[in-house]
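Undergrad: In terms of the UniProt record's numbering, the sequence shown opens at residue 1 and continues consecutively. Here a beta-carbon is modelled for each residue, glycine too, at the ideal position from N, C-alpha and C. Got a structure for you, questions after.
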Amino acid sequence: MMKTSSAVEKPPTTPWRKIFTSVPCYAYFYGLFGHYWGNGYFIASHPTFMGTVLHYSIAQNGLASCLPVLITSISGVLSSIFSHWISKKNLMSLNMLRKTATAVSAFGFSICTAGIILAGCDRITIALFFALSLYFQGIGLAGIVISGVDMAPAITGSVMGVAINVASLASFLVPVVAGLLTTHEMLSEWQQVFWLNLVVVGSSGLVYFLFGSAKIQPWNYRDSEQPNETTNEIKSPSEKYLNNTKEIKEIFEMQKT
């Protein structure tokens, strides 16, 4: 029997030390935390604000509570298609594209949150800014949400696993903090929650724009896979697998003949 063990490679080890000492990684973690914070607020806490302060009926509140999923899904699909078109036409580098989408999402959300604060108890104005903020949240799907795949394609599972665990803390913290700040269910108390949302989400977009990166990080590669300085080429694990597969097929064909 022919030995093909040379064609099978061990999976790359995860460079945890380099990940946890990487500035772009921490920017990515906080950027995703801010994105989850915005989603967590609208899903877990905003219905309470509409029911206790704006006095929405149960039916109206239930209908409005469906909007986060619907609007963010629509804007996420549209922004992803648009970002793919920009990338395909080489109108912008992938790194700047991810940063821009993240910044637009975070800053747009923050501006709409400021609009909700200024609207007071005006239900129509709040509903308008509510819908717009959700639309901006969806744009993050073309930015911070996918950037973990860009910066470390070989170990995406490890990097995104850590990032999602960190970001998921936001979904737990939002209703807890909102409950502590709104013990009397007054508009002034809810405005503190809105200011907190504005600061957390806005700062997360700023941090990622300044310190984040969608470029492939050096620790993504094995030592033997570092790009050549002159050609800037590298054989990825998938390319090596394809080459090994071709070699095995050629050997079998030669044996048959």
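Are the beta-carbon atoms belonging to Leu180 and Arg123 less than 7 Å from one another?
TA: no
Undergrad: Considering only C-alpha positions, which residue in the set Ser105, Ser65 and Leu63 is nearest to Ser80?
TA: Ser105
Undergrad: May I have the straight-line CA-CA distance separating Val69 from Ser75, to the nearest angstrom?
TA: 10 Å
Undergrad: Tell whether a beta-carbon distance below 7 Å holds between Ser110 and Gly202.
TA: Taking 7 Å as the Cβ cut-off, Ser110 and Gly202 qualify as a contacting pair.
Undergrad: Count the other CB atoms within 10 Å of the CB of Arg17; is the residue buried (16 or more) or exposed (fewer)?
TA: exposed
Undergrad: Starting from Thr16, follow the alpha helix (DSSP H) in both directions and report where the run begins and ends.
TA: A small fix is needed here, since residue 16 is Trp in this sequence, not Thr. It spans Trp16 to Ile19 - the alpha helix (DSSP H) in which Trp16 sits, taken as one unbroken run.
Undergrad: How should Trp85 be labelled, buried or exposed, when 16 other C-beta atoms within 10 angstroms of its C-beta is the threshold for buried?
TA: Exposed, because fewer than 16 other Cβ atoms sit within 10 Å of the Cβ of Trp85.
Undergrad: Run through DSSP, which three-state label would Ala214 get?
TA: coil
Undergrad: Measuring straight from C-alpha to C-alpha, what distance separates Thr125 and Ala154?
TA: 46 Å
Undergrad: Is it the case that the Cβ atoms of Asn95 and Ser213 are separated by a distance below 7 Å?
TA: yes
Undergrad: Check each candidate in Phe49, Val207 and Ile144 and name the one with the smallest Cα separation from His184.
TA: Phe49
Undergrad: Exposed or buried, Asn39, counting other C-beta atoms within 10 Å across all chains shown (16 or more means buried)?
TA: Flag for Asn39 reads buried.
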